[in-house]
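A.B. asks: Residues in the sequence shown are numbered from 33 upward in steps of one, following my numbering.
We put the beta carbon where it would ideally sit given N, CA and C, even for glycine.
Submitted below is the structure of interest, expressed as structure tokens.
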Amino acid sequence: MGATQLVAQTRPDPWLEALLPVRAGENPYEPLANALRAQPRGGDARALILMLGDSHTAGPVMVGHLRELMQARFGAAGPGRLPPGRAQRPINANQMVEAGQSGEWQVRSALRASNPGPFGLTGYRLTGERAGDMITLRSTEAAGFDRVHLSLMAGPQAGSFRLRVDGLTLGPVTLRHGSPEFRPVLLDAPRGSREIALELVGDGPVELLGWGLDRRGRGVLVEGFGINGATLASLDNRDPLILARELTTKPPALVILEFGTNEAVDPDFDEAAYSLQLTRQIQRLRQSLPRSGIMLMGVPDAGRPVRPPRRGRPPQGCAAVSPLPSLTRVRAAQRSVAQAQRVGFFDWSAEVTRSPCRLPEMARGDAPLLRPDLVHFTPDGYRFTAERLHAHLLRGMGLGARIASA
């Protein structure tokens, strides 16, 4: 018997597409609001919030806590798509899944244009070839999962794998094909499934750009894909055809772009060029997702600690921090583009950090919100950011929110 062929997903997920407007209007939060307002009326209405960004998004806490908050109010549909295997550590699952990986696997990311691709939505590519090497993904939710997502690359030299869902085995599945081809696959699984395992046959390389778990029925998905050190330019390192395919087969109600910290480090930052680049990325998203809303997260305040003198009193307040050189110009460009392109804008500075002078204070105490580097947040800081972001989204949708205080 020959190897199994998996059928690529070619149509949009009907549960995600069903309640999106014919075209996004003036309010960038309205597509998300439409889906969430429909959920209490019953049916299988779902909504996806998609975040793309840098290390703030790559870490597990901010995305994970936003997911918890949204799912607690509007229904849980699982973790959604993730970077494959342990390509990204830690993954954005926030205790919803456990990933395992054994054997020899090669990881590449879309951080730099020189990194060989292709890359898709997750920004990562995991390649393995040795027989018996395996990656696993286990749900820790009581409800488990009943849908499996695989983002695969087929081609003339590609190999095969077996896919196990609990006690059921599919395969061997071949990815050998006459020409390179991207294959996004959606598989139904028994309700309440707990684990998937992908094991290599050893007859050629197997490349994964992503995978994931979710559940049929109503609920919210919050997916976050970030790369440590990434700038907005990392979006150009993703294959445009693959990215468009992944966006349209699983259309989000809201896309959040979270970039800017790494641009702010550059003393030669070109505000005009960045504005054009940001405008182009928004327009490209609109072309692929005319029914979805878009929001920018304005860069948070960040800086470098000022080294205290050998003698005398340590510097305090503004004197204790050197703001990143291009911070204000990056934020100004983001705000200006958000207004010109009529997309949402979350002012991370106004909502959380408030001023560069406040950063040393936020990094002190029994429950600091910032790490000593004055750039990255602690888990408490990322959770607080997620709470502010959650409240911002609810206000934008006209659904009301209680706002926490720092």
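#1: Exposed or buried, G349, counting other C-beta atoms within 10 Å across all chains shown (16 or more means buried)?
#2: Report all residues from its chain with a CB closer than 6 Å to the CB of P392; omit the five preceding and five following residues, and keep chain order.
#3: Work out the CA separation of A77 and A50 for me, nearest whole Å.
#4: Just to confirm the assignment, what range does the alpha helix (DSSP H) spanning S307 have?
#5: Exposed or buried, R363, counting other C-beta atoms within 10 Å across all chains shown (16 or more means buried)?
#6: Since R194 contacts P204 with CB under 8 Å, what's their CB separation in whole angstroms?
#7: Excluding five sequence neighbours on each side, which residues of the same chain lie with their C-beta closer than 8 Å to the C-beta of T89?
#8: Could you check if P299 is buried or exposed, using at least 16 other CB atoms within 10 Å of its CB as the buried criterion?
#9: Which class does R342 belong to by DSSP, given the choice of helix, strand or coil?
#10: What is the DSSP secondary structure of I274, counted as helix, strand or coil?
#11: For E161, which option in V233, G335 and W243 has the closest C-alpha, if you only look at C-alpha atoms?
#12: Which full runs of the beta strand (DSSP E) of 3+ residues lie inside the region 181-222, going along the chain?
#13: With which residues is V331 paired in a DSSP beta bridge?
#14: Taking 9 Å as the threshold (beta carbon to beta carbon), is L402 in contact with chain C?
#15: Can you list, in chain order, the residues of its chain whose CB lies under 7 Å from that of L356, leaving out five sequence neighbours each side?
#16: Would you kindly check if the distance between the Cβ of L264 and the Cβ of L321 is under 9 Å?
#17: According to DSSP, is H424 helix, strand or coil?
#18: Could you check if Q371 is buried or exposed, using at least 16 other CB atoms within 10 Å of its CB as the buried criterion?
C.D. replies: The short version:
#1: Exposed, since its Cβ has fewer than 16 Cβ neighbours within 10 Å.
#2: Contacts found: A352 and V353.
#3: Each residue's Cα considered, the two are about 7 Å apart.
#4: Membership of S307 in the alpha helix (DSSP H) is indicated by the continuous run E303 to S320.
#5: It counts as buried.
#6: That belief holds up - the Cβ atoms of R194 and P204 are roughly 5 Å apart, short of 8 Å.
#7: Excluding sequence positions up to five before and after T89, its CB lies within less than 8 Å of the CB of M83, V95, N124, G256, F257, G258 and E290, all in the same chain and listed in chain order.
#8: P299 comes out exposed.
#9: DSSP places R342 in coil when its eight states are reduced to three.
#10: The three-state reading of DSSP puts I274 in helix, counting H, G and I together.
#11: With respect to the C-alpha of E161, the residue from V233, G335 and W243 having the closest C-alpha is V233.
#12: Fully enclosed beta strand (DSSP E) runs of 3 or longer: 192-197 and 200-206.
#13: In the DSSP output, where bridge partners are listed per residue, V331 has none listed.
#14: Absent here is chain C; the protein component of the structure consists of one chain.
#15: Close CB contacts of L356 within its chain, under the 7 Å cut and outside five residues either way in sequence, are with A296, V297, A334 and G335 (chain order).
#16: Contact check for L321 against L264 fails: the beta carbons are separated by 9 Å or more.
#17: Three-state result, H424: helix.
#18: So Q371 counts as exposed.
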